[in-house]
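**Student:**
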Amino acid sequence: MARIVMKFGGTSMAGIERIRRVAQIVKQQADAGHEVAVVVSAMAGDTDRLVNFCREASSLYDPAEYDVVVSSGEQVTSGLLAIALQSLGAKARSWLGWQMPVRTIEAHSKARIQTIDAEKLSASMASGEIAIIPGFQGISDEGRITTLGRGGSDTSAVAIAAAVKADRCDIYTDVDGVYTTDPRIVTRARKLKKVTFEEMLELASVGAKVLQTRSVGLAMKEGVRIQVLSSFTDESTNFTADDLPGTMIVSEDEMEIEDMERKLITGIAHDKNEAKITLTRVPDKPGAVADIFEPLAEAAINVDMIIQNVGREKGETDVTFTVPSVDLDRAMQVL
Ligand code: ASP
Ligand code: MG
Numbered sequence: 107m108a109r110i111v112m113k114f115g116g117t118s119m120a121g122i123e124r125i126r127r128v129a130q131i132v133k134q135q136a137d138a139g140h141e142v143a144v145v146v147s148a149m150a151g152d153t154d155r156l157v158n159f160c161r162e163a164s165s166l167y168d169p170a171e172y173d174v175v176v177s178s179g180e181q182v183t184s185g186l187l188a189i190a191l192q193s194l195g196a197k198a199r200s201w202l203g204w205q206m207p208v209r210t211i212e213a214h215s216k217a218r219i220q221t222i223d224a225e226k227l228s229a230s231m232a233s234g235e236i237a238i239i240p241g242f243q244g245i246s247d248e249g250r251i252t253t254l255g256r257g258g259s260d261t262s263a264v265a266i267a268a269a270v271k272a273d274r275c276d277i278y279t280d281v282d283g284v285y286t287t288d289p290r291i292v293t294r295a296r297k298l299k300k301v302t303f304e305e306m307l308e309l310a311s312v313g314a315k316v317l318q319t320r321s322v323g324l325a326m327k328e329g330v331r332i333q334v335l336s337s338f339t340d341e342s343t344n345f346t347a348d349d350l351p352g353t354m355i356v357s358e359d360e361m362e363i364e365d366m367e368r369k370l371i372t373g374i375a376h377d378k379n380e381a382k383i384t385l386t387r388v389p390d391k392p393g394a395v396a397d398i399f400e401p402l403a404e405a406a407i408n409v410d411m412i413i414q415n416v417g418r419e420k421g422e423t424d425v426t427f428t429v430p431s432v433d434l435d436r437a438m439q440v441l
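Counting from 107, one number per residue, gives the positions in the sequence shown under my numbering.
1) So, for residue 258: in the same chain, excluding its five sequence neighbours on each side, which residues have a beta-carbon less than 7 Å away from its beta-carbon?
2) Taking just the CA atoms, how far does residue 307 sit from residue 222?
3) Evaluate residue 135 with the Cβ neighbour count: other Cβ atoms within 10 Å of its Cβ, from every protein chain shown; 16 or more gives buried, anything less gives exposed.
4) Less than 6 Å between C-beta atoms, sequence neighbours within five positions excluded: which residues of the same chain meet that for residue 330?
5) Alpha carbons only, please: which of 225, 128 and 272 is nearest the one belonging to residue 328?
6) Looking at C-alpha atoms only, which residue of 435, 432 and 399 is the closest neighbour of residue 426?
7) Among 377, 114 and 431, which one has its Cα closest to the Cα of residue 180?
8) Looking at residue 148 and ligand 1, is the gap between the Cβ and the nearest heavy atom below 7 Å?
9) Specify, as a first and last residue, the run of the alpha helix (DSSP H) that residue 124 falls within.
10) Taking the alpha carbon of residue 125 as the point to measure from, which residue in 190, 153, 413 and 321 has its own alpha carbon closest?
11) Apart from the five residues on each side of it in sequence, which residues of its chain come closer than 6 Å, Cβ to Cβ, to residue 117?
12) So for residue 181, helix, strand or coil by DSSP?
13) Is residue 260 near ligand 2 - that is, is its Cβ less than 7 Å away from at least one heavy atom of it?
14) Does the beta-carbon of residue 257, which I'm using as the reference point, lie nearer than 7 Å to any heavy atom of ligand 2?
15) Within a Cβ cutoff of 7 Å, which residues of the same chain sit near residue 207, ignoring the five residues on either side of it in sequence?
16) With 16 other CB atoms within 10 Å as the buried threshold, where does residue 188 fall?
17) Assign residue 198 to one of two classes, buried (16 or more other C-beta atoms within 10 Å of its C-beta) or exposed (fewer than that).
18) Taking the C-alpha atoms as reference points, what is the distance between residue 438 and residue 386?
19) Just to confirm, are residue 128 and residue 236 a CB contact at a threshold of 8 Å?
20) How about residue 445 and residue 261: are their beta carbons less than 8 Å apart?
21) Which residue's Cα is closest to the Cα of residue 157: 170, 416 and 249?
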């Protein structure tokens with residue numbers, strides 16, 4: 107018997123038919139005698155729709171209210187999965203972020219998890235009840251709903267797995283593992299059997315959509331073994347611990363010796379959601395660049411690539427950097 111956290115992404119949860127299939131996959135694991143907690147995403151497209159509502163309402167929306175709106179997609183799917191499991195005769199209930207609770211810092215729309223009180227959750231799992239947790243959401247010290255940033259359900263799942271000391275965190279998605287590159291673009295992409303945390307961290311941070319970058323960092327820090335697998339193929343629904351069908355994300359130590367001479371390049375990733383800003387005629391003196399990046403950091407805007415260009419006039423330079431395109435308007439305002 108093992109303790110397993112299963113996470114299902116948006117495409118796996120898109121519609122009642124698919125939720126029924128997810129319920130069957132979950133029930134199989136519970137019937138096999140495992141203690142199971144499930145973390146769910148909103149239905150595919152729903153979070154985008156909710157984000158767009160906020161943008162339509164105001165391009166400078168209040169991030170605290172944005173969290174109230176966008177966290178709702180996961181509330182819907184967690185309740186629906188509980189109902190679907192109950193209709194299969196399983197014991198199941200939902201645990202919303204504030205009920206557990208999942209405590210996060212205040213940074214709305216990109217909060218970080220501080221602590222998870224897993225005591226009640228563990229007790230409920232041990233009693234044979236399937237715990238269903240909406241991913242992506244938490245609660246701040248002020249008692250307000252927070253969200254963990256786009257793709258944050260992966261981080262929720264890893265954090266729950268760490269909190270309940272799960273043997274494994276199975277992340278079910280629409281691809282059956284981690285590929286050398288995006289198989290939807292490159293048909294020759296190959297599935298990897300094992301990837302190290304470090305490699306996955308690198309791939310995710312430069313755009314591999316399969317896992318949220320932070321979830322990989324957290325898994326590495328907490329030693330949570332992740333398996334990435336598909337909820338759409340039959341082999342993924344019936345497997346044993348010795349015969350895992352997906353890609354395992356493991357520590358360097360767990361990489362087998364024969365893999366030590368594996369290729370230097372593990373995979374290639376890309377990202378199209380970056381915006382580029384160039385500030386011209388920045389005074390070329392100490393402190394000028396800090397004046398640009400400190401306010402952005404205070405506004406919790408992540409700056410990725412930074413280039414300081416060759417100066418145009420004497421004593422002046424251009425500074426170019428990228429931010430997530432969703433933060434472009436806010437970055438321009440801060441600047
Ligand atoms: N529903 C959220 C999003 O689309 C969180 C997630 O699915 O991981 O970003
Ligand atoms: Mg995702």
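For each residue, glycine too, the CB sits at the ideal point set by N, CA and C. Please read these numbers as outputs of a predicted model, since none were measured by experiment.
**Tutor:** Considering the structure as presented:
1) 241, 242 and 318
2) 23 Å
3) buried
4) 264, 267, 268 and 275
5) 272
6) 399
7) 114
8) yes
9) 122–137
10) 190
11) 150 and 280
12) helix
13) yes
14) yes
15) 223 and 245
16) buried
17) buried
18) 14 Å
19) no
20) The structure shown does not extend to residue 445, since the chain is modelled only from 107 through 441, so no value can be given for it.
21) 170
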